[in-house]
Amino acid sequence: MAVTGAKVQAPCPWHGDAMAQLLDQHAQGRLPHALLLTGAKGIGKLRLAESLAQTLLCEKPSAGLPCGHCQGCQLSTAGTHPDLHRLSPEEKSKTIKIDQVRKLVAFATRTAQYSGYRVAIVYPAEALNRNAQNALLKTLEEPGAQTLLLLVSDQPTLLLPTIRSRCQQRTLPLPEHDQALQWLQSQVGESAASLLDAAQGAPLQALALEQADWFADRARLLDTLVSVAEGRQSVAQASPVLAKHDPTEMAGVIYGWLSRCLHQRFSGQQSADASLAPLLERLSKAVPPARLLRAAQRVLEGRRALLSGANPNKELLYEQWLLVLVGVDAAAAAH
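Read in order, the letters of the sequence shown correspond to residues 46 to 380 in our numbering.
Written as structure tokens, this is what we have:
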């Protein structure tokens, strides 16, 4: 695997407590040899793992963070620290293969070159194929002294039960909305609210979405939903417009808009994204709350199916969502 460096950095602000607890475990000699970090995609799990690894390998950590200047930090940043091994799918591959794991096993059994910790970061851990997972089991049981295996996973249920049982699992929650929004606003400005809604509260996922094709087109896409809800455009006319964009991303976007409309109906509080606020206000008035809720649930179901590998006809999928929005629940009608 081509190993690349990672910037020496602090964990995300909302992971300060988690980092402090892990470092406290380390100080007391209770840090596990295998740690499985789980939680929603885009909340900073990998960033926490990198920060913990670099702190353990830093020669002069300060306030629980890597100093950024010592030889250990410089090597970590350059991706050349001999006691830090990062394991991810190779280029153009979606899986971590057994040959890659064998290199990790060899790494975990040798003596640390800097007389300290050896740390391996596996991300995303669910990318390990079955053979690779089986090859990792013995190392998870007996990794050697002062070795930490950090498995980071968005979908831990895809890991073998035997893998999960050999790790101490720490599930990281979504950050508080206000904290996430404040941080995201410092990165992207007034579009933060729409991005955070689209990412369902995951700030780093929201930051990545800013580069997505739909983002620059978001006002027109939302106007398409409003036009259907107000009866100015048919479902058949609207679905091809939406189908130009990735359905998994758009499911998150549409779910975020519908959730925001429900929030507006019951709280009276408008979206912080001024560019979309008038359209969201119109959508919330055009669609009754019960129907907004049904549509949001249907979109969320579709997103889960897409994330699990489903490959539906895109236009048909959007049509199903829009039909619920206008009060024609195709699934219910079929029964």
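Built from N, CA and C at the ideal position, the CB exists for glycine as well.
Under the 8 angstroms Cβ criterion, the stretch 347–362 counts as touching the stretch 291–302, having at least three qualifying pairs. Around Q116, the same chain offers E104 as residues with beta carbons nearer than 7 angstroms, after the five sequence neighbours per side are excluded. Pairing I208 with Q178 gives a Cβ-Cβ distance under 8 angstroms. Between L370 and R336, the beta carbon gap of about 7 angstroms places them in contact (Cβ cut-off 8 angstroms). Judged by DSSP secondary structure, H222 falls within the alpha helix (DSSP H) whose first and last residues are 222–233. At a cut-off of 3 residues, the continuous stretches assigned as beta strand (DSSP E) that sit fully inside the stretch 114–165 are 129–132.
Here the stretch 54–69 lies against the stretch 88–102, with 3 or more beta-carbon pairs under 8 angstroms apart.
Distance between L254 and G347, taken at the CA atoms: about 19 angstroms. For P248, the closest C-alpha among the options E187, A225, L182 is that of A225. Less than 8 angstroms divides the Cβ of Q250 from the Cβ of K86.
Counting the other Cβ atoms within 10 Å of the Cβ of L182 gives fewer than 16, which makes it exposed.
DSSP places A177 inside the alpha helix (DSSP H), whose first and last residues are 175–186.
Straight-line spacing of the CA atoms in H71 and L194 works out to 14 angstroms. Going by DSSP, A94 is part of the alpha helix (DSSP H) stretching over 90–102.
Annotated three-state conformation of Q282 is helix, per DSSP.
In the three-state reduction of the DSSP assignment, V273 falls in the helix class. For T293, the uninterrupted alpha helix (DSSP H) run begins and ends at 292–312, by DSSP. Bounds of the alpha helix (DSSP H) holding S210 are 206–210.
Around the C-beta of R265, fewer than 16 other C-beta atoms lie within 10 Å, and the residue is accordingly described as exposed. Taking C-beta separations shorter than 8 angstroms and ignoring five residues to either side along the sequence, the partners of E171 in its chain run S198, D199, Q200, P201, L203, L204, following chain order. Its chain contains A243, A244, Q245, R348 as the residues whose beta carbon lies nearer than 7 angstroms to that of G297, once the 5 sequence neighbours on both sides are disregarded; these appear in chain order. Judged by DSSP secondary structure, S198 falls within the beta strand (DSSP E) whose first and last residues are 192–198. Taking all protein chains in view, the Cβ of A98 is crowded by 16 or more other Cβ atoms within 10 Å, so the residue is classified as buried.
The way I'd put it, the stretch 116–134 does touch the stretch 154–164; three or more beta-carbon pairs between them come closer than 8 angstroms.
When secondary structure is reduced to three states using DSSP, A79 falls in the strand class. In this structure, the CA atom of T184 is about 50 angstroms from the CA atom of C306. A straight line joining the alpha-carbon of P77 with that of K330 spans about 53 angstroms.
The residues V280, S284, in chain order, have a CB closer than 7 angstroms to that of E364 in the same chain once the five nearest residues on each side in sequence are set aside. One thing to note: L217 has its Cβ no nearer than 8 angstroms to the Cβ of G109.
Per DSSP, Q365 is one residue of the alpha helix (DSSP H) stretching across 359–370.
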